[in-house]
Every structure is written in structure tokens, then in C-alpha cells.
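Asks: The listed protein sequences correspond, in order, to chains D and L. As numbered in numbering that gives the first Met the number 0, residues 0 to 372 make up the first sequence, in order. As numbered in numbering that gives the first Met the number 0, residues 0 to 199 make up the second sequence, in order. For glycine and all other residues, C-beta sits at the position ideal for the given N, C-alpha and C. Since we're looking at a predicted model, the values are computed, not measured. Please find one structure pasted underneath; my questions will follow.
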Amino acid sequence: MVSPGLDLEGSFSQALQAFGLSAEAARLLWLPLPMLLVLVAAVVGVLVSVWLERKISAAVQQRIGPEYAGALGILQPLADGLKLLVKEDIIPARADSLLFTLGPVLVVVPVIVSWLIIPFGQSLLISNVGVGVFLWISFSSIQPIGLLMSGYASNNKYSLLGGLRAAAQSISYEIPLALAVLAVVMMSNSLSTVDIVDQQTGVGILSWNIWRQPVGFLIFWICALAECERLPFDLPEAEEELVAGYQTEYAGMKFALFYLAGYINLVLSALLVSVLYLGGWGFPIPVEWLAGWLGQSVDAPIVQVITGSVGIVMTVLKAYLLVFVAILLRWTTPRVRIDQLLDLGWKFLLPLSLVNLLVTAALKLAFPVAFGG
Amino acid sequence: MTIVGTTELVCFLVLAAVVVAGSLGGVRLSNIVYSAFLLGGVFMAVAGLYLLLNASFVAAAQVLVYVGAINVLILFAIMLVNKREDLKAIANLTTRRVVSAGVCLGLLALLVRVVVTTPWNLPGPAAVGEEATARIGEHLFTDYLLPFELASVLLLMAMIGAIVLARRDVLATDVVTGEVADQGLIEKSSTPLLLERPSS
Numbered sequence: 000m001v002s003p004g005l006d007l008e009g010s011f012s013q014a015l016q017a018f019g020l021s022a023e024a025a026r027l028l029w030l031p032l033p034m035l036l037v038l039v040a041a042v043v044g045v046l047v048s049v050w051l052e053r054k055i056s057a058a059v060q061q062r063i064g065p066e067y068a069g070a071l072g073i074l075q076p077l078a079d080g081l082k083l084l085v086k087e088d089i090i091p092a093r094a095d096s097l098l099f100t101l102g103p104v105l106v107v108v109p110v111i112v113s114w115l116i117i118p119f120g121q122s123l124l125i126s127n128v129g130v131g132v133f134l135w136i137s138f139s140s141i142q143p144i145g146l147l148m149s150g151y152a153s154n155n156k157y158s159l160l161g162g163l164r165a166a167a168q169s170i171s172y173e174i175p176l177a178l179a180v181l182a183v184v185m186m187s188n189s190l191s192t193v194d195i196v197d198q199q200t201g202v203g204i205l206s207w208n209i210w211r212q213p214v215g216f217l218i219f220w221i222c223a224l225a226e227c228e229r230l231p232f233d234l235p236e237a238e239e240e241l242v243a244g245y246q247t248e249y250a251g252m253k254f255a256l257f258y259l260a261g262y263i264n265l266v267l268s269a270l271l272v273s274v275l276y277l278g279g280w281g282f283p284i285p286v287e288w289l290a291g292w293l294g295q296s297v298d299a300p301i302v303q304v305i306t307g308s309v310g311i312v313m314t315v316l317k318a319y320l321l322v323f324v325a326i327l328l329r330w331t332t333p334r335v336r337i338d339q340l341l342d343l344g345w346k347f348l349l350p351l352s353l354v355n356l357l358v359t360a361a362l363k364l365a366f367p368v369a370f371g372g
Numbered sequence: 000m001t002i003v004g005t006t007e008l009v010c011f012l013v014l015a016a017v018v019v020a021g022s023l024g025g026v027r028l029s030n031i032v033y034s035a036f037l038l039g040g041v042f043m044a045v046a047g048l049y050l051l052l053n054a055s056f057v058a059a060a061q062v063l064v065y066v067g068a069i070n071v072l073i074l075f076a077i078m079l080v081n082k083r084e085d086l087k088a089i090a091n092l093t094t095r096r097v098v099s100a101g102v103c104l105g106l107l108a109l110l111v112r113v114v115v116t117t118p119w120n121l122p123g124p125a126a127v128g129e130e131a132t133a134r135i136g137e138h139l140f141t142d143y144l145l146p147f148e149l150a151s152v153l154l155l156m157a158m159i160g161a162i163v164l165a166r167r168d169v170l171a172t173d174v175v176t177g178e179v180a181d182q183g184l185i186e187k188s189s190t191p192l193l194l195e196r197p198s199s
């Protein structure tokens with residue numbers, strides 16, 4: 000799981016083989032561990048963003064926000080989760096109970112699986128799959144099926160409308176999103192998230208993709224917000240028009256699954272923005288330079304540990320800065336209309352992202368040094 | 000047998016069972032919405048089979064295109080027009096079913112015969128694995144350029160045709176007869192829902 004200096008998987012496997020297990024069995028026992036760790040990380044990330052959402056929205060509206068559950072209300076998300084967990088699970092009488100149950104599951108599973116490709120360090124990720132970001136794009140396209148399913152199964156016109164809106168929105172914004180990603184992929188010659196970050200590590204903050212892809216960054220961020228159904232684009236669940244969209248009939252844990260999926264998706268999108276455009280785990284000044292100035296070898300175990308920790312902290316920090324921006328946007332911008340939303344997607348972002356892709360290709364041919372030859 | 004081999008075998012059996020059962024359900028169920036969802040499940044299972052064959056790019060593309068776009072559009076169309084009514088009884092339903100089952104079984108027999116009689120070159124060429132993305136790109140821009148472009152032109156034609164059929168209200172003349180077209184919507188007259196309703 001960690002590069003040559005620190006091989007956790009190797010030492011784990013050796014420790015188990017000392018007890019007389021075969022190498023394959025040791026690997027089989029190792030496999031679930033990183034997955035479990037990332038699952039826990041995702042859930043903790045959700046709890047933190049729920050707390051941030053409550054506190055920041057309160058600050059925006061000049062309230063105090065939660066303050067009794069733990070210091071500064073830090074346990075409030077746990078209390079929320081516990082409340083949803085023990086609430087009665089209601090399935091409406093005329094609803095299709097099978098699809099009604101399956102819908103939230105189909106919404107939440109692809110989002111969690113997409114965490115597979117998020118790197119927190121050179122080799123701190125579950126699996127460095129070759130198709131990388133493409134895997135995330137294709138997984139995020141499964142979500143609308145779950146939304147349509149729950150919208151249909153609720154047997155409620157608001158739910159159905161919300162589900163249809165969610166699917167239309169998701170399909171419209173997936174195309175500019177994929178084209179923005181494609182421009183980055185073209186510069187790094189790889190779909191793998193690790194390679195994309197590696198290509199941005201040259202000279203610290205100056206080599207981050209945001210300077211080379213400013214338009215792509217904005218397109219990606221707008222589309223990511225639309226895919227997460229965050230407020231300027233939360234039409235599928237617009238309270239004033241549709242009660243709560245596809246969530247209307249849901250209660251208890253099934254509702255919590257939608258809630259969870261929304262926040263996991265937000266954190267995931269923020270992480271991906273930081274991976275694709277903000278240098279991933281890179282420190283603004285390359286860690287190798289710092290180690291060189293301090294006269295330390297990069298391969299020394301202590302430096303490896305520090306580099307790894309700095310990488311994790313930087314990835315999470317960048318992602319949470321973006322989550323902060325998303326929350327501020329949610330509490331300060333009005334909602335767009337459905338026709339404005341689709342116009343923005345199809346008539347503005349799509350041509351813009353195509354132009355961005357073509358310009359990137361031209362720049363790559365003209366200046367192969369700066370744009371990844 | 001090794002653990003990896005066993006896992007692969009179990010995965011293959013499960014995915015194959017899902018494909019067969021899902022396809023049968025998709026054809027046999029009378030609820031068209033269930034059929035559409037099962038179709039999505041079948042597409043996912045086929046993507047899993049591609050993954051077992053070490054073709055991860057094809058698997059991801061299968062999910063993106065078939066599940067994420069085509070199946071969602073099918074569901075979209077069904078849900079926009081679905082009235083939740085049972086299909087009307089068709090005359091000679093049993094005869095029709097017997098005939099179509101015969102045709103399908105014949106097709107199955109033909110395919111089984113092809114599978115059995117073809118001398119398969121096993122094991123096939125080694126899988127390219129992660130390199131596949133680059134290789135597909137090379138082929139698309141060299142020897143498969145013409146079929147690829149032809150397919151995209153075909154899709155463009157289909158799309159323009161669909162827009163012409165769907166948006167007849169914006170064309171001045173009817174595309175088929177050449178007469179001056181009725182500018183109103185075809186489905187229903189466009190009177191506002193709440194205004195000018197006669198009070199009874």
C-alpha cells in the first residue's frame with residue numbers, strides 16, 4: 000500500500016505467513032483492510048461535512064448553529080445519524096416495495112465504490128486501476144438509474160418528477176464533465192489518477208493543472224456541483240416546487256442513504272477536483288526539495304512517513320476547502336430554473352468544454368514541454 | 000485449484016447466471032418498467048464479464064454507454080408515457096408464444112452448434128490489460144477509422160431525424176407532405192391549465 004520504504008502489505012503478509020498461512024490466503028485477508036479503511040474515511044468525511052454544513056449555514060444566516068452536542072456541536076451529525084437509524088422505516092401502501100428498497104442502494108453503492116480510485120499518496124489508494132477517472136465517470140452514470148427507480152417506486156407524482164429531473168440533469172452535465180476530464184487526461188497521457196497527480200508534481204504549486212486548465216477547472220466544478228445536486232442546481236429536490244423530489248416518500252434509514260450518498264458524492268467530487276486540478280497530495284513546495292534543504296534522504300523511513308502524512312493532510316485540506324466553497328455557494332445563491340439549467344449545460348458548457356479540449360490539444364502540439372508532450 | 004482461480008470461476012458463474020436470468024426476466028415480465036431495470040442489470044453483468052476477461056476499459060465504456068445513457072433513456076421514455084395499465088389480451092396468444100419460442104430455440108441451437116463445431120484457438124492471445132486504452136485509440140484512428148466515422152454519421156442522421164420528427168411544430172411545412180404545418184403541438188391543444196376553464 001505504501002512505496003518501497005514502507006511496505007505495509009508486505010509486512011502484513013510476512014507476519015501472517017509466519018503463522019503458517021499461504022501467501023494467497025494472506026493477500027485475501029489483506030484485501031478488505033484498505034477497503035474498510037476507505038469506507039470509514041468516507042463516512043467520517045460525511046460526518047465532518049454535515050457538521051460544516053450546519054455550522055457554516057448558521058454563520059451565513061447569523062445564527063449559532065448546533066452547540067449542545069459536544070464541543071461546538073461536533074457530535075450533532077452523529078445524533079442526526081442515530082435518529083435516522085432508529086426511526087420507523089415506512090414503505091407507502093401503494094408503492095412498489097422491491098424497487099423502493101433497491102433505489103437508495105443503487106444510489107449509494109456506486110458513489111462508495113468510486114472511492115477506489117482516490118489517491119491520498121503515491122501508493123495510498125485501494126487500487127491504481129488503469130482506467131482511473133474513467134471508472135469514476137462510468138460509475139457516476141449508474142446513479143440516475145437508482146434515482147429513477149426510487150422516483151417511480153414511490154408512486155407519487157412529485158417523486159417521479161424529481162427522479163426524471165435528476166436523470167435529465169445528470170445526463171446533461173456528464174458530457175461537459177467528461178470533456179473537461181479528457182483535457183486533463185490528454186495532458187498527462189494517462190487515465191490513472193496517480194499518473195495525473197505525478198504529472199503535476201514538477202515545481203510544486205506552479206505545476207498544478209489549475210494554471211494550465213483554468214476553464215476546465217471551472218467547467219468541472221460547475222458540473223460536479225450539478226452532479227451532486229447541490230444548491231444552485233438542486234432542482235431534483237427543490238422544496239418549493241416538488242416537496243423533496245424523489246426523497247418525498249422516504250423515511251428513516253432509506254432516507255439516510257440518499258443523504259449519505261449526497262454528502263459522500265460531494266466529498267468525492269472535491270477530492271477529484273483536488274486530484275485533477277490542484278496537485279492531489281502535492282505540497283505547494285515539493286517535499287523532495289524540502290528534504291534536500293534539510294539534508295535528508297527521500298528514501299529514509301522517517302521522511303517517508305512524514306511525506307505520506309503531509310500527502311494525506313494536503314489532499315484532505317484541498318478537498319475540504321472546496322467543500323467549504325460548495326457549502327457557501329449553497330447558502331448564498333438562488334436556485335436556477337430547469338430550462339436555465341439545461342440551457343447552461345447544453346448551450347454553454349458543452350461548446351465551451353469542446354473548445355477547451357481543442358485548445359488543449361493545440362497547445363499540447365505547440366508547447367509539448369508545458370502541456371505534457 | 001488456487002484461490003484466484005476459484006474466485007474467477009465463482010464470479011463467472013454468478014455473472015453468467017445473472018445475464019441469463021435477467022434476460023429471461025426482461026423478456027418474460029409483463030411490467031415494462033421491471034423489464035427495463037432488468038436490462039440495466041444484464042448490461043452491468045456483461046460489464047462484469049468484460050472485467051473478468053481483463054478488458055477494464057471496455058467494461059467501463061459498457062457501463063457508461065449502455066447503463067448510464069441507453070438504459071436511462073429507455074427508462075426515461077417509459078416513465079414519461081407509462082400509464083400503469085395492463086396490456087390488452089391479444090388473440091392467439093398461445094400460438095404466438097409457441098411460434099416465437101420455436102424460433103428462439105432454433106436460434107439457440109444454431110449458436111450452440113457454432114460454439115461446438117468451431118475449432119477455438121485456446122488459449123487465445125494474451126490480454127493487453129492496461130495497455131488496451133491506447134491500443135483501442137490507435138485502431139480507431141488507423142484501420143478502423145472509416146467504420147468509426149460511418150457509425151458516427153449514422154448516429155448524427157438518426158439524431159437529426161428524431162429532432163425533425165419530435166419538433167414538427169417549429170417547421171413551417173410538414174416534412175412528409177410538404178403542406179403548411181399546423182404550428183400547435185401534435186399531442187394536445189395548448190390551452191393553459193388553470194386559466195379560461197369553464198366553471199361548472
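1. Quick check: L38(L) and G25(L), are their CB atoms within less than 8 Å of each other?
2. Decide if R229(D) is buried, meaning its Cβ has at least 16 other Cβ atoms within 10 Å, or exposed.
3. Taking buried to mean at least 16 other C-beta atoms within 10 Å of its own C-beta, is F18(D) buried or exposed?
4. Mind checking if P118(D) is an interface residue toward chain L, Cβ cutoff 8 Å exclusive?
5. Does the CB of M158(L) have a neighbour CB from chain D at under 8 Å?
6. If you measure from the beta carbon of S34(L) to each beta carbon in chain D, is any gap under 8 Å?
7. In whole angstroms, what is the alpha-carbon distance linking A58(D) and I195(D)?
8. Determine whether the Cβ of S2(D) lies closer than 8 Å to any Cβ atom of chain L.
9. Does any CB atom of chain D fall closer than 8 Å to the CB of G7(L)?
10. Let me know if W280(D) comes out buried or exposed under the rule of 16 or more other beta-carbons within 10 Å of its beta-carbon.
11. Look at L192(D) and V108(D) and say whether their C-beta atoms are less than 8 Å apart.
12. Identify the contact partners of S140(D) in chain L, using a Cβ-Cβ distance below 8 Å as the criterion.
13. At least one CB of chain L closer than 8 Å to the CB of P285(D): is that the case?
14. What is the DSSP secondary structure of S191(D), counted as helix, strand or coil?
15. Which residue comes first and which comes last in the alpha helix (DSSP H) that contains C227(D)?
16. I want to verify the contact list: residues of chain L whose CB lies under 9 Å from the CB of G129(D), in sequence order.
17. Would you mind stating whether E248(D) and A25(D) have Cβ atoms separated by less than 8 Å?
18. So which residues on chain D does A59(L) lean against when the C-beta distance must stay under 7 Å?
19. What does the alpha-carbon distance come out to for the pair A157(L) and A150(L)?
20. Residues of chain D with a CB under 8 Å from the CB of V3(L): which are they?
21. For L46(D), I'd like the list of residues in its chain whose CB is within less than 8 Å of its CB, leaving aside the five on either flank, ordered along the chain.
22. Please list the partners that Y151(D) has in chain L, where partner means a Cβ-to-Cβ separation under 7 Å.
23. Is DSSP giving M0(D) helix, strand or coil here?
24. Is the beta carbon of A260(D) closer than 8 Å to that of A318(D)?
25. Where L83(D) and F257(D) are concerned, what is the direct C-alpha to C-alpha distance, given to the nearest angstrom?
26. Taking CB distances under 8 Å as the criterion, tell me whether G39(L) reaches chain D.
27. Name the residues in the region 158-172 of chain D whose C-beta lies less than 9 Å from a C-beta of chain L; which are they?
28. Any C-beta of chain D sitting closer than 8 Å to the C-beta of L74(L)?
29. Taking 8 Å as the threshold (beta carbon to beta carbon), is P367(D) in contact with chain L?
30. Helix or strand or just coil, what does DSSP make of D338(D)?
31. Would you verify that the beta carbon of I111(D) is, or is not, closer than 8 Å to some beta carbon of chain L?
32. Do you know offhand how far L15(D)'s Cα is from E23(D)'s?
33. Closest Cβ-Cβ distance between M148(D) and chain L: below 8 Å?
34. If you draw a straight line from the alpha carbon of P213(D) to that of S189(D), how long is it in whole angstroms?
35. Under 8 Å, do G307(D) and Q198(D) count as touching if we go by C-beta distance?
36. Compare the C-alpha of V274(D) against each of L101(D), L124(D), V49(D), V85(D) and name the closest.
Replies: Let me lay it out:
1. Here residue 38(L) refers to the residue found at position 39 of the second sequence. Here residue 25(L) refers to the residue found at position 26 of the second sequence. Yes; because the gap between Cβ atoms is below 8 Å, this pair is in contact.
2. Walking along the first sequence from the start, residue 229(D) turns up at place 230. So R229(D) counts as buried.
3. Position 19 of the first sequence, counted from the first residue, corresponds to residue 18(D). Under this definition F18(D) is an exposed residue.
4. For the purposes of this step, residue 118(D) is identified with residue 119 of the first sequence, where counting begins at 1. Answer no: the Cβ-Cβ gap between P118(D) and chain L never drops below 8 Å.
5. Locating residue 158(L) in the second sequence gives position 159, where the first residue counts as 1. False, the Cβ-Cβ gap to chain D never drops below 8 Å.
6. Counted from its first residue, the second sequence places residue 34(L) at position 35. No - not a single Cβ of chain D is within 8 Å of the one on S34(L).
7. The residue you call residue 58(D) lines up with position 59 of the first sequence. The residue you call residue 195(D) lines up with position 196 of the first sequence. A58(D) and I195(D): Cα-Cα distance of roughly 36 Å.
8. Within the first sequence, numbered from 1, the residue matching residue 2(D) stands at position 3. Residue placement at S2(D) cannot be trusted, given a pLDDT of 45 that sits under 50; what the coordinates show is reported in the next sentence. Judged by the 8 Å Cβ criterion, S2(D) is not in contact with chain L.
9. In the second sequence, counting from the first residue as 1, residue 7(L) sits at position 8. Sequence check: residue 7(L) is Glu here, not Gly. E7(L) does not count as touching chain D.
10. In the first sequence, the residue the question calls residue 280(D) occupies position 281. W280(D) is buried by the Cβ-count criterion.
11. Position 193 of the first sequence, counting from 1, holds the residue named residue 192(D). Position 109 of the first sequence, counting from 1, holds the residue named residue 108(D). The displayed chain sequence assigns Thr, not Leu, to residue 192(D). Cβ atoms of T192(D) and V108(D): not closer than 8 Å.
12. The count along the first sequence starts at 1 and reaches residue 140(D) at position 141. By Cβ distance, chain L contributes V62, L63, V66, G67, A68, V71.
13. For this step, residue 285(D) is matched to residue 286 along the first sequence. Taking Cβ atoms only, chain L never reaches closer than 8 Å to P285(D), which makes this a no.
14. Your numbering for residue 191(D) matches position 192 in the first sequence. The answer is coil: DSSP assigns S191(D) none of H, G, I, E or B.
15. Within the first sequence, the letter at position 228 stands for residue 227(D). Here C227(D) belongs to no alpha helix (DSSP H), and DSSP marks it neither H nor E.
16. Here residue 129(D) refers to the residue found at position 130 of the first sequence. Near G129(D) (Cβ distances below 9 Å), the residues of chain L are S55, F56, G128, E129, E130, A131, T132.
17. As a first step, residue 248(D) is located in the first sequence; it is residue number 249 there, counting from the start. As a first step, residue 25(D) is located in the first sequence; it is residue number 26 there, counting from the start. Not a contact, by the Cβ cut-off of 8 Å.
18. Here residue 59(L) refers to the residue found at position 60 when the second sequence is read from its first residue. Result: V130, F133, L134, S137.
19. As a position in the second sequence, residue 157(L) is number 158, starting the count at 1. As a position in the second sequence, residue 150(L) is number 151, starting the count at 1. If I take the Cα positions, the gap works out to 11 Å.
20. Translated into the one-based positions of the second sequence, residue 3(L) becomes position 4. By Cβ distance, chain D contributes E23.
21. Translated into the one-based positions of the first sequence, residue 46(D) becomes position 47. Closer than 8 Å at the Cβ level, and outside the excluded window around L46(D), lie P76, L77, G80.
22. Mapped onto the first sequence, residue 151(D) falls at position 152. V32, M78, listed in chain order.
23. Within the first sequence, numbered from 1, the residue matching residue 0(D) stands at position 1. Confidence at M0(D) is low in this model, with a pLDDT of 40, below 50, so its placement is unreliable and the value that follows should be read with caution. DSSP places M0(D) in coil when its eight states are reduced to three.
24. One-based indexing of the first sequence puts residue 318(D) at position 319. One-based indexing of the first sequence puts residue 260(D) at position 261. Not closer than 8 Å, so no.
25. Against the first sequence, residue 83(D) aligns to sequence position 84. Against the first sequence, residue 257(D) aligns to sequence position 258. Each residue's alpha carbon lies about 12 Å from the other.
26. Indexing the second sequence from 1 puts residue 39(L) at position 40. Chain D, which has a Cβ nearer than 8 Å to the Cβ of G39(L), makes this yes.
27. L159, G162, L163, A166, A167, S169, I170
28. Stepping through the second sequence from its first residue, residue 74(L) is reached at position 75. Closer than 8 Å: yes.
29. As a position in the first sequence, residue 367(D) is number 368, starting the count at 1. So, not an interface residue.
30. Taking the first sequence and counting its residues from 1, the one referred to as residue 338(D) is at position 339. Residue state, collapsed to three classes: helix.
31. Mapped onto the first sequence, residue 111(D) falls at position 112. Output row for I111(D): interface = no.
32. Looking up residue 15(D) in the first sequence gives position 16. Looking up residue 23(D) in the first sequence gives position 24. Between L15(D) and E23(D), the C-alpha separation is close to 11 Å.
33. Taking the first sequence and counting its residues from 1, the one referred to as residue 148(D) is at position 149. With 8 Å as the cut-off, M148(D) counts as an interface residue toward chain L.
34. Within the first sequence, the letter at position 214 stands for residue 213(D). Within the first sequence, the letter at position 190 stands for residue 189(D). If I take the Cα positions, the gap works out to 20 Å.
35. What you label residue 307(D) is simply residue 308 of the first sequence in a count that begins at 1. What you label residue 198(D) is simply residue 199 of the first sequence in a count that begins at 1. No, the pair does not count as a contact, with Cβ atoms beyond the cut-off.
36. As a first step, residue 274(D) must be located in the first sequence, where it is residue number 275. Of L101(D), L124(D), V49(D), V85(D), the residue nearest in Cα terms is L124(D).
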